[in-house]
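Asks:
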Amino acid sequence: MPTMKLTRRAVTGLRPADKPTIYFDDEVRGFGLRIMPSGARSWVLEYRPGAGGRGVAKRRVRIGGDELTPEDAREMARGMLADIRRGADPSAQRRAERTADSFADVADAYMTRQVRPKRKPSTAGYYQLLLDTHILPALGAKRAAMITRADVETWQVALAAKADGKGGKTTANRALTLVRAIYNWAGGVGLVPEGTNPCARVEKFAEQGKDRYLTAEEIGRLGAALREAETIGIPHAPSASKHAPKVKNRTVFSPHVTGAIRLLMLTGCRLREILNLRWSEYDAERGMLFLPDSKTGRKAVVLSAAAQAVLTALPRVGTYVIAGNDPNKPRADLKKPWSALSARAGLGGVRLHDLRHTFASVGAASGMSLPTIGGLLGHADSATTQRYAHLQVDPVRAAADIIAGRIADSMRGESEI
Numbered sequence: 001m002p003t004m005k006l007t008r009r010a011v012t013g014l015r016p017a018d019k020p021t022i023y024f025d026d027e028v029r030g031f032g033l034r035i036m037p038s039g040a041r042s043w044v045l046e047y048r049p050g051a052g053g054r055g056v057a058k059r060r061v062r063i064g065g066d067e068l069t070p071e072d073a074r075e076m077a078r079g080m081l082a083d084i085r086r087g088a089d090p091s092a093q094r095r096a097e098r099t100a101d102s103f104a105d106v107a108d109a110y111m112t113r114q115v116r117p118k119r120k121p122s123t124a125g126y127y128q129l130l131l132d133t134h135i136l137p138a139l140g141a142k143r144a145a146m147i148t149r150a151d152v153e154t155w156q157v158a159l160a161a162k163a164d165g166k167g168g169k170t171t172a173n174r175a176l177t178l179v180r181a182i183y184n185w186a187g188g189v190g191l192v193p194e195g196t197n198p199c200a201r202v203e204k205f206a207e208q209g210k211d212r213y214l215t216a217e218e219i220g221r222l223g224a225a226l227r228e229a230e231t232i233g234i235p236h237a238p239s240a241s242k243h244a245p246k247v248k249n250r251t252v253f254s255p256h257v258t259g260a261i262r263l264l265m266l267t268g269c270r271l272r273e274i275l276n277l278r279w280s281e282y283d284a285e286r287g288m289l290f291l292p293d294s295k296t297g298r299k300a301v302v303l304s305a306a307a308q309a310v311l312t313a314l315p316r317v318g319t320y321v322i323a324g325n326d327p328n329k330p331r332a333d334l335k336k337p338w339s340a341l342s343a344r345a346g347l348g349g350v351r352l353h354d355l356r357h358t359f360a361s362v363g364a365a366s367g368m369s370l371p372t373i374g375g376l377l378g379h380a381d382s383a384t385t386q387r388y389a390h391l392q393v394d395p396v397r398a399a400a401d402i403i404a405g406r407i408a409d410s411m412r413g414e415s416e417i
């Protein structure tokens, strides 16, 4: 192969031959420009790994293409040669990266070895949904060790735009958190080089808070709708089609449906904590619920007299407090009845989870401490309860009035502090 001084002017004048040709530099040994018959050009470095010597076969590694000037490519070659003298083998490293596990393989190992044995089935199901729907279609085929921060940010932005209107930024944030967790775990067990995490400095999107609290007037309307639902029934919305079949005018809801919603309001429990509640977990004598597997683990719920009255009035049908079609299986959801009840009460856009927020907000506005509210809700992290801090206006104002009142009295000479 020819040897020459590889300058900008020199390489510009080189033309393709009938076969691949490497023009080696006369300054840096092994550094050269490869020109293919098609005209494609790339900077390469030939070297002997290890201690070198003619007994070791040469290896070749690509440095870059036309985007590099001869000067830049030569400096990169010098750096690679320095690494090789210290024992590195860039060709073998790149070959290993090309044959390394794909991100889909690493994600599957994470789910199999970490999530399914150690997390709740509902958590594992949610993670798998995120992977199948939002993560693997974009990143799954890529080699896990070769995914870059730019790859992650491009995917994150595209996901937020694709899911826009359906909590796009929230979905993108949850998916990013999962990808970050996968890399942290994979680095710890050696599936990717330790410290390899392209999500490490990727910022999440700012999210719009969704907390909604019912006012006293709205709570009253919901109570009226519940009483109507379990007595004369909720009237059906009129059909837009004149040919629609005639149906009964009202639907009467079972006491288990209305009881479930009352319990959500009166306990601040999560939806699944109420729907999965077994009669065996209710201690009527002590007025307590002992939940074996809530979102934050084992949880004891102190019941108010009002909540106990709801439980006392519920018919005992099967294993679960909130009976469904199968008395030995928990009810799947309350979507349809809640849709009808919230519409009847004029609570458009209110979610069942907002009943939990309402329970907390009433406590905060009544002067209860945030730790007390967090204990009632079963928050594992006190920071979660901080969202209700701004609702403690009345007790803070009362304290301000007391302090300022005493100061004002002293200033007027009417009392001493």
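In terms of full-length UniProt numbering, the sequence shown has 414 at position 414, counting the first letter as 1, and numbering is strictly consecutive. Backbone N, C-alpha and C fix where the C-beta goes; we use that ideal spot for every residue, glycine too.
Do the CB positions of R92 and F31 come within less than 8 Å of each other?
Replies: The residue asked about is misnamed: residue 92 is Ala in this sequence, not Arg. For A92 and F31, no; Cβs fall outside 8 Å.
Asks: Measuring straight from C-alpha to C-alpha, what distance separates F290 and E218?
Replies: Taking the straight line joining both Cα atoms gives about 30 Å.
Asks: Among residues of its own chain, excluding the 5 on either side of F359, which ones have a beta-carbon nearer than 6 Å to its beta-carbon?
Replies: Same-chain partners within the cutoff: G268.
Asks: Would you tell me roughly how many angstroms separate the C-alpha atoms of P255 and P315, rounded to the nearest one?
Replies: When rounded, the distance between both Cα atoms is 8 Å.
Asks: Using alpha carbons as the reference points, say which of N328, R250, L129 and K329 lies closest to P337.
Replies: Out of N328, R250, L129 and K329, R250 has the C-alpha closest to the C-alpha of P337.
Asks: Would you mind sorting D25 into buried or exposed? The rule is 16 or more other CB atoms within 10 Å of its CB.
Replies: D25 comes out buried.
Asks: Assess, as a yes-or-no matter, whether the segment 39-55 is touched by the segment 72-91 under the definition of 3 or more beta carbon pairs within less than 8 Å.
Replies: A contact exists between the segment 72-91 and the segment 39-55.
Asks: Sorted by chain position, which residues of the same chain lie with C-beta nearer than 7 Å to A73's C-beta, five sequence neighbours on each side aside?
Replies: So the qualifying residues of the chain are W43, I63 and G64.
Asks: Does the beta-carbon of R85 have 16 or more other beta-carbons within 10 angstroms, so that it is buried, or is it exposed?
Replies: It is exposed - the Cβ of R85 has fewer than 16 other Cβ atoms within 10 Å.
Asks: When you compare only the Cα positions, how much space is there between P193 and L136?
Replies: C-alpha separation (whole angstroms): 21 Å.
Asks: Rounded to a whole number of angstroms, what is the C-alpha to C-alpha distance between S361 and A172?
Replies: Using only the alpha carbons, I get a separation of about 29 Å.
Asks: Which one or two residues does DSSP pair with A300 in a beta bridge?
Replies: BP columns for A300 point to F290.
Asks: Do the CB positions of P70 and V11 come within less than 8 Å of each other?
Replies: Yes, they are a contact pair.
Asks: Could you check whether L271 and L352 sit closer than 8 Å to each other, using their CB atoms as the reference points?
Replies: Yes, Cβ-Cβ distance for L352 and L271 is below 8 Å.
Asks: Do the segment 174-183 and the segment 218-235 touch if we need at least three Cβ pairs shorter than 8 Å?
Replies: These segments do not touch.
Asks: Can you tell me whether T258 is buried or exposed, with buried defined as 16 or more other CB within 10 angstroms of its CB?
Replies: The residue is buried, with at least 16 neighbouring Cβ atoms inside 10 Å.
Asks: From this set, G195, L159 and P121, which residue's C-alpha is nearest M146's C-alpha?
Replies: If we check each option's Cα against that of M146, G195 comes out closest.
Asks: Do A107 and L130 have their CB atoms nearer than 8 Å?
Replies: Going by C-beta atoms, A107 is not nearer than 8 Å to L130.
Asks: When we look at the beta-carbon of L391 and count the other beta-carbons within 10 Å, is it buried (16 or more) or exposed?
Replies: In this prediction, L391 scores a pLDDT of 49, lower than 50, which makes its location untrustworthy; the coordinate-derived value is nonetheless stated afterwards. Per the 10 Å Cβ criterion, buried.
Asks: Is A104 closer than 8 Å to A225 when the C-beta atoms are compared?
Replies: The answer is no: Cβ separation not under 8 Å.
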